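If you read the sequence shown in the working numbering, its first letter stands for residue 41, the second for the next number, and so on.
Report on one structure; see the data block that follows.
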Amino acid sequence: MFKSFFGCTASPFDRSISTKLLFQSEAHQELIGRMVHVAENRKFALCTGEVGAGKSTAARAVSEQLNPTRHLVLYITDSDLTPRNFYYEVLHQLGIPPRFYRGDAKRQLVKALMDMHESNRIPVIIIDEGHLLGREMLEEIRFLMNFKMDSFSPLSLILMGQPELRATLQTQAYEAIAQRVNVRFHLPAVTQSETAGYVQHHLKVVGVDRAVFTDDALYLIHEYSGGIARKINNLCTSCLLHAFAKSKSLVDDRMVRVVLENELLG
C-alpha cells in the first residue's frame, strides 16, 4: 500500500503508535502533567475536550508513565454507565468477583480500596465519556471521593468528557460534586503551526524525513480538522492513499480538496 510508496515503516497516522512517539502540543503536555499529579497524589480531576482532541491518548500516556508497583490504572468507558455496572467493572479489573447486589459490590470495592491504601498502592480510576453519565452515577462519584467523613481519599479519580460535562458540573444541582474537583483542565484543539508540526512529526517517526505535504495542503488540513487530532489523522491517511493511487509523492492543496469533496464531505 502507500507505506512502501512513501517509505514509511508503519502507518504514520495510526492510533496504535506508541504514546512515547506521539506529537504532544503544549496543551497536551500540560494535561499529561496535571493528570500525573492527580494520579500520584490521590486527587480528583475533571478533564474536558472536543471529540477526538486527544483526551484518551493523554490518559494512555499517563498510564504508561506511572510506576506500576505504586499505581494501578483502572480505565472505564461506558456510554450507559450505572453505579452497579461501575462497581462490577472496577471489581472485575481488580480481579475480585463482584457480589450480585449493588450494595454488596459497593462494600467490596470500599474494602478493596482500603486494602490497597494499607499496602501503599494507589488505584487510579479513569472514567471516559463522562458527559454521558447520569445524575445517579455522578452522585456515586461524589461518594467515592468522600471517605471517612471527607478526611482522606484512598484513590485518584480522573473524569474525562466533552465540554458539556464541564457545563453540567457548573450548575447548582452538581455543586457538591464540583467542589470536590481538585484539578480542572480543558484540552483545546491544536493551532495551525501545531497541526503542521503534528503531521511532520508523525511522518518522521515512521522514517519519512522529507516533506510529503505542501504548506498549502497543511493549511487546508488544519482548516478542515479544526486542530482535532482524530480528524487530522483521518484526512492525512486519505490524502496519502489518494496520492499513492495517483503515483504522486507530494500532497498539495488540490489533492486535499479532492479528498474532502469525494470522501469526507460527501
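Every residue gets a Cβ at the ideal spot worked out from N, C-alpha and C, and that includes glycine.
None of these values were measured; they are calculated from a predicted model.
Per DSSP, what are the beta-bridge partners of residue i in this structure?
i, result
"Leu-131", "DSSP lists no partner for Leu-131."
"Phe-192", "Phe-187"
"Pro-138", "Answer is none; Pro-138 lacks a bridge partner."
"Val-164", "Val-113 and Ser-196"
"Val-298", "Answer is none; Val-298 lacks a bridge partner."
"Val-291", "Phe-253"
Return the CA-CA distance between residue i and residue j, expressed in angstroms with no decimal places.
i, j, result
"Glu-80", "Ile-198", "12 angstroms"
"Ala-251", "Val-296", "15 angstroms"
"Phe-253", "Ala-93", "22 angstroms"
"Phe-187", "Ser-193", "6 angstroms"
"Thr-109", "Met-156", "11 angstroms"
"Phe-45", "Phe-284", "7 angstroms"
"Val-299", "His-282", "7 angstroms"
"Gly-201", "Glu-169", "5 angstroms"
"Leu-153", "Met-41", "49 angstroms"
"Gln-210", "Lys-288", "51 angstroms"
"Thr-258", "Ser-278", "Strictly speaking, residue 258 in this sequence is Leu, with Thr absent from that position. Cα-Cα distance, rounded: 14 angstroms."
"Lys-146", "Asn-125", "11 angstroms"
"Glu-66", "Gln-133", "32 angstroms"
"Val-130", "Leu-178", "16 angstroms"
"Lys-244", "Gln-105", "23 angstroms"
"Phe-53", "Ala-101", "17 angstroms"
"Glu-176", "Thr-122", "7 angstroms"
"Asp-120", "Leu-172", "7 angstroms"
"Gln-64", "Leu-149", "35 angstroms"
"Leu-307", "Ser-196", "Beyond the ends of the chain as shown, which are 41 and 306, falls residue 307; an answer cannot be given."
"Ala-99", "Ile-166", "8 angstroms"
"Arg-74", "His-111", "16 angstroms"
"Gln-240", "Ser-265", "16 angstroms"
"Leu-78", "Asp-144", "Per the sequence shown, residue 78 should be read as Val rather than Leu. Using only the alpha carbons, I get a separation of about 28 angstroms."
Give me the Cβ distance between residue i and residue j, rounded to the nearest whole Å; I'm assuming they're in contact under 8 angstroms.
i, j, result
"Val-164", "Val-113", "5 angstroms"
"Pro-268", "Glu-90", "The sequence given here places Ile at residue 268; Pro does not occur at that position. Their Cβ separation, rounded to whole angstroms, is 6 angstroms, which keeps Ile-268 and Glu-90 in contact under 8 angstroms."
"Leu-86", "Arg-224", "5 angstroms"
"Asp-307", "Asp-292", "The chain is shown from 41 up to 306; residue 307 falls before or after that span and cannot be answered."
"Tyr-127", "Pro-138", "6 angstroms"
"Asn-222", "Lys-83", "4 angstroms"
"Ser-51", "Lys-60", "Going by Cβ atoms, the distance from Ser-51 to Lys-60 rounds to 17 angstroms, so no, they are not a contact pair."
"Gly-237", "Cys-48", "Their Cβ separation, rounded to whole angstroms, is 18 angstroms, which puts Gly-237 and Cys-48 out of contact at 8 angstroms."
Between residue i and the ligand ATP, is there a pair consisting of the residue's CB and a ligand heavy atom that are separated by less than 7 angstroms?
i, result
"Val-102", "In terms of ligand content, the structure shown is empty, and the ligand ATP therefore cannot be addressed."
My parser needs the alpha helix (DSSP H) runs of 4 or more residues fully inside the region 188-252; what are they? 203-209, 215-218 and 232-244
Looking at C-beta atoms only, is the number of pairs between the region 208-216 and the region 225-238 that lie closer than 8 angstroms three or more? no
Identify every run of the alpha helix (DSSP H) within the region 66-122, keeping only runs that are complete inside it and at least 4 residues long; order them along the chain. 66-80 and 95-105
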